[in-house]
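If you're matching positions, the sequence shown starts at 52 in the numbering used here and goes up one per residue.
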Amino acid sequence: MNNDHGLSFDGKILVFSKNDKAAAPGNNSRVYVSNAEGSNPRLVTPNFPSYWHGISPDNKFLTYTAQRNGEWDIYRIPTAGGTEEKITDAKGLDDGAEYSYDGKWIYFNSHRTGKMHLYRMLPDSKGVEQLTDDELDNWFPHPSPDNKSIVYIAYLEDQKGAHPFGKDVKLRMMNLVTREIKDITPVFYGGQGTINVHSWSPNGKSIAFVRYTDLSK
């Protein structure tokens, strides 16, 4: 198992990314689904590498980041299995695709400008809109249950398209109506694995994340 895993909005489906050494010696993550308590697991994405990030509110589609032909893009596939569909095609990494609770948007982060920023698009991949444009390195937008805000992780320094562990980061919240952004944590030691996937409480009052201890200090 790797750190890209979570539950559907209704809590009935567990989606997880699993490193399959039988598929390839390295970079071999593929996406699985099961019932929420872990029964009946099954492979959804036969192609690798594939890293899960989102599920549609009606549970019909999964979104995930995948490398195909040397390019990292966002793909969509039926939760029941089927043919994957590429829904971004910009040069540079596209990652972190997550549906809003109302299903109207897919939020994601992209390095298409040479700097990591947040975007959203319609589920059919049209209407792409850039949401951030600052000096921070912004990753993994998570829309709130009321669809009025997103929480995301911001690295203080440019990570050149990567999201490494063990860096100075903070969590920020954007009001999607006013586009006002505020910090919701102080700077802490985190990064990879801090808040890769959806982690809002159902009532929208809190959000879970991981911070690390720097044992070298």
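C-beta atoms are modelled at their ideal positions from N, C-alpha and C, and glycine is treated no differently.
The three-state secondary structure of T229, taken from DSSP, is coil. Taking 8 Å as the cut-off, the Cβ atoms of V228 and G241 do not count as close. Apart from sequence neighbours up to five positions away, the residues of its chain that approach A148 with a beta-carbon distance below 6 Å are H104, G105, T114, I125, I157, F159, ordered along the chain. Residue pairing by DSSP puts H56 in a beta bridge opposite F67. R171 is the residue among R163, R171, D146, D140 whose C-alpha sits nearest the C-alpha of G154. Per the coordinates, the alpha-carbon of S80 lies some 33 Å from the alpha-carbon of K268. When C-alpha distances from S176 are compared across G165, H214, E136, K166, the shortest belongs to E136. In the structure shown, S107 falls within a coil segment according to DSSP collapsed to helix, strand and coil. Burial of V84 is indicated by the presence of at least 16 other C-beta atoms within 10 angstroms of its C-beta. In the DSSP annotation of this structure, the continuous segment of the beta strand (DSSP E) that includes I157 starts and ends at 157–161. Counting along the chain, V238 sits inside no beta strand (DSSP E), nor does DSSP assign it H or E at all.
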